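Chemist:
In the numbering used here, the protein residues as written are -7 to 152.
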């Protein structure tokens, strides 16, 4: 396992550290930002437990369909739960994903939520969850395929 040379010195720097390891195209480098017993839920609900389980799919993705991708951090919020634990939420824009047929997939926006803990060597994530942002939609409906929908066009809802 890799040991990152630059673990974040504060929770606010965690998204920048995540981007730096993403750019290395090395799943072990990403996993090194996490505690040994951490978990990660990806955008499709795959739930990985432990550094090795976090490293393997990231390594595969970064060397295949994310091989030309880049991440850009946007709005970031940090909520300190204690002096040594914080929740970090960051909006990311992912560019350069490759579709199965090899074309550019277009940009995606996600929100990554990290629960980070101060350790002797810096801040590491103990848990993370990635959520795709689907502008203008309220929820998903399963009609054989999972589709984002907006009920506000069809009935009075709380935001109408």
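Beta carbons: idealized from backbone N, C-alpha and C, even for Gly. Computed from a prediction, not measured in an experiment: that's the story for all the values here.
1. Buried or exposed: residue 98, going by 16 or more other Cβ atoms within 10 Å of its Cβ?
2. List the whole-angstrom C-beta distance separating residue 41 from residue 19, where the pair is believed to meet the contact cut-off of C-beta under 8 Å.
3. Taking buried to mean at least 16 other C-beta atoms within 10 Å of its own C-beta, is residue 108 buried or exposed?
4. According to DSSP, is residue -1 helix, strand or coil?
5. On the DSSP bridge assignment, give the partners of residue 122 in chain order.
6. Counting only runs of 3+ residues fully inside the region 23 to 57, write out the beta strand (DSSP E) ranges in chain order.
7. Measure the beta-carbon distance from residue 101 to residue 125 and round it to whole angstroms, keeping in mind my assumption that it falls under 8 Å.
8. So, under 8 Å CB-CB, residue 114 and residue 1 are touching, yes? Tell me the CB distance rounded to an integer number of Å.
9. Could you tell me the distance, in whole angstroms, from the CA atom of residue 87 to the CA atom of residue 6?
10. Considering residue 12, what are the terminal residues of the alpha helix (DSSP H) in which it resides?
11. When you compare the CB of residue 25 with every CB in chain B, is at least one pair closer than 8 Å?
12. Between the region 10 to 17 and the region 54 to 73, are three or more C-beta pairs nearer than 8 Å?
13. Would residue 38 be called buried (16 or more neighbouring beta carbons within 10 Å of its own) or exposed?
14. Below 8 Å on the Cβ atoms is my guess for residue 70 versus residue 3; work out the distance and round it to an integer in Å.
15. Enumerate, from N- to C-terminal direction, the unbroken beta strand (DSSP E) stretches of 3 or more residues contained entirely within the region 61 to 119.
16. Look up residue 131 in the DSSP assignment and give the residues it is bridged to.
17. Starting from the C-beta of residue 33, find all residues in its chain whose C-beta is less than 6 Å away, skip the five residues before and the five after it, and write them out in chain order.
Modeler: If we stick to the structure as given:
1. Taking the first residue of the chain shown as position 1, residue 98 is located at position 106. So residue 98 counts as exposed.
2. Position 49 of the chain shown holds residue 41. Position 27 of the chain shown holds residue 19. In fact, because the Cβ distance is near 15 Å, the residues do not count as touching under 8 Å.
3. Working through the chain shown from its first residue, we reach residue 108 at position 116. Looking at its Cβ environment, which holds 16 or more other Cβ atoms inside 10 Å, residue 108 is buried.
4. Translated into the one-based positions of the chain shown, residue -1 becomes position 7. The answer is coil: DSSP assigns residue -1 none of H, G, I, E or B.
5. Your numbering for residue 122 matches position 130 in the chain shown. The partner list for residue 122 (beta bridge, DSSP) reads 104.
6. 26 to 33 and 39 to 41
7. Translated into positions along the chain shown, residue 101 becomes position 109. Translated into positions along the chain shown, residue 125 becomes position 133. So it is a contact: roughly 4 Å between Cβ atoms.
8. Residue 114 sits at position 122 when you count from the first residue of the chain shown. Residue 1 sits at position 9 when you count from the first residue of the chain shown. With 8 Å as the limit, residue 114 and residue 1 qualify as a contact, their Cβ atoms being about 6 Å apart.
9. For the purposes of this step, residue 87 is taken as residue 95 along the chain shown, with counting starting at 1. For the purposes of this step, residue 6 is taken as residue 14 along the chain shown, with counting starting at 1. Inter-residue distance for residue 87 and residue 6 is about 20 Å (C-alpha atoms, whole angstroms).
10. Against the chain shown, residue 12 aligns to sequence position 20. Here the alpha helix (DSSP H) through residue 12 covers 6 to 14.
11. Absent from the structure is chain B; it holds one protein chain and no more.
12. Yes: at least three Cβ pairs fall under 8 Å.
13. For the purposes of this step, residue 38 is identified with residue 46 of the chain shown, where counting begins at 1. With fewer than 16 other Cβ atoms within 10 Å, it is exposed.
14. Counting from one through the chain shown, the residue named residue 70 turns up at place 78. Counting from one through the chain shown, the residue named residue 3 turns up at place 11. Confirmed, Cβ separation roughly 5 Å.
15. 62 to 74, 77 to 87 and 100 to 111
16. As a position in the chain shown, residue 131 is number 139, starting the count at 1. DSSP lists 141 as partners of residue 131.
17. In the chain shown, counting from the first residue as 1, residue 33 sits at position 41. Result list for residue 33: 39 and 121, in chain order.
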